[in-house]
Each structure stands twice: as structure tokens, then as C-alpha cells.
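Participant: The C-terminal residue of the sequence shown carries number 368 in my numbering, and the numbering is unbroken. Dropping a structure here in C-alpha cells format, bear with me for questions.
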Amino acid sequence: TRSKFLNALNHHKNGDFIKAESAYRDILKEHPNDFDTLHHLGIMYTQINDFGNGIKFISRALKINPKFYIAYNNRGIAYRNQNQIILAINDFKKSIQLKANYADPYYNLSLIYVGLGKMNEALKNCNKTIELNSKFPEAHNIKGIIYSHNNKLTESLKSFNNAISLKPKYFEAFNNRGSTFAKFGKT
């Protein structure tokens, strides 16, 4: 089973989702409660924007291992993408409750709070993300967006520059930095 799982995972990592789905489902025929297979199949469905199946399979995995903090974060992402914001927030908070030093759910909460216009909550979660993982370019980018929204030019530009230094071809951060310059009349 382990070699079959690694084969499925390899297809998944290489972006061959059709072969990955088939391989994951073959494993589940023999081992319907294989946690890793259920979880990764759920992740794969979320990656291809089939959020309903993502939630379904990650939920099945969580019934088997309800203490696996990463699965709550992953299911929260699927919920967020379905605009099920309360369920997403609950999953991100459950992930944090299970492992307080895991940066990803804080980042995901910051995205939700930006979307809700709750910039103070977003900044708090973004800062926690960066405290736990200072090399998280997306968190620096979101922090720049928050600061720009709050009309804090220097802090905003510093955050975008941090994101770009961590990920030199981070076009979204370049674009956000340029928009911030334009917003404040700088060139």
C-alpha cells in the first residue's frame, strides 16, 4: 500500500491529477480508511477547485485522525474557497488549537479577515504568521496590502520588498508595490 500511495502522491505532485485520482481511489477500494490517501485526495480536489470533494475527503480523514492539525488547515482552505467563512475560520482556529506554532492557519485567517475588511485582525494574524515563519513571502505581501489599506506607506513598501526579496519573481508583490506607489503619488 505504501508504494501505491507514493505512486499516487508522485502523480499528484507532478500535476497529473487524473492519474493521481485514479491511484488514490484504487487504494481506497482496498483500504477505505487510509488516512493519508483520504487527506491527499482531499487536498488534490481542493487544488483543482472541486471544493465539495476536497471537504468530503478531508472530513473523512479527520474522522480517522481528529488531531491532525494540517488537515483542519487544508479543509479550511476548501471552505474558504466555497465562501463558507464561518466553517473556514473554525477549522483554522482548530488547527491553531492543535498546534499553535503552525504558521499556515494564521496566514489563512489573515486572508479571511482582509476579505471581511477586518484589518486589525488580519494584521494580528499576519504578524503571527511571520513570527512563526519569517520566510513566508505571501504573508509579507498580505501585510503590505493591509498597511497600504491603512495608509502606512513606509510599512507597506517594506513588507512588499520583504516579499520580493524572499521570492524574486513574485509578480503579485511587485504589482502591489507599484499600486502602493501610485496610491501615494510616488514613482
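All C-beta atoms, glycine included, are put in the ideal place defined by N, C-alpha and C.
Nearest-angstrom Cα distance between S340 and P286?
Facilitator: Approximately 20 Å, taken between the alpha carbons.
Participant: Pull up the distance between the alpha-carbon of D197 and that of N262, whole angstroms please.
Facilitator: Cα to Cα, D197 sits roughly 22 Å from N262.
Participant: Assign Q263 to one of three DSSP states: helix, strand, or coil.
Facilitator: Three-state result, Q263: coil.
Participant: By DSSP, does R185 sit in helix, in strand, or in coil?
Facilitator: Reading the sequence as shown, one finds Lys at residue 185 and not Arg. Note: K185 maps to helix in three-state DSSP.
Participant: For N230, which of helix, strand or coil comes out of DSSP?
Facilitator: Here N230 sits in coil by DSSP.
Participant: In the DSSP assignment, the alpha helix (DSSP H) including K200 goes from what residue to what residue?
Facilitator: 198-211 is the span of the alpha helix (DSSP H), which, as asked, contains K200.
Participant: Give the DSSP-derived three-state secondary structure of Y351 in the structure shown.
Facilitator: Correct three-state label for Y351: coil.
Participant: If we count the other Cβ atoms within 10 Å of its Cβ and call it buried at 16 or more, is L290 buried or exposed?
Facilitator: That one is buried.
Participant: My assumption, with CB atoms under 8 Å, is that L222 sits in contact with Y205. Please give the rounded CB distance.
Facilitator: The Cβ separation is near 4 Å, so the contact holds.
Participant: For a quick check, are the C-beta atoms of T182 and I208 less than 8 Å apart?
Facilitator: It is a contact, given that the beta carbons lie within the stated cut-off.
Participant: Can you tell me where the alpha helix (DSSP H) holding A303 begins and where it ends?
Facilitator: 300-313 is the extent of the alpha helix (DSSP H) around A303.
Participant: Ordered along the chain, which non-local residues of its own chain (more than five positions away) have a Cβ less than 6 Å from that of G214?
Facilitator: The question names Gly, but residue 214 in the sequence shown is Asn. Excluding residues within five positions, the ones whose Cβ falls inside 6 Å are I245.
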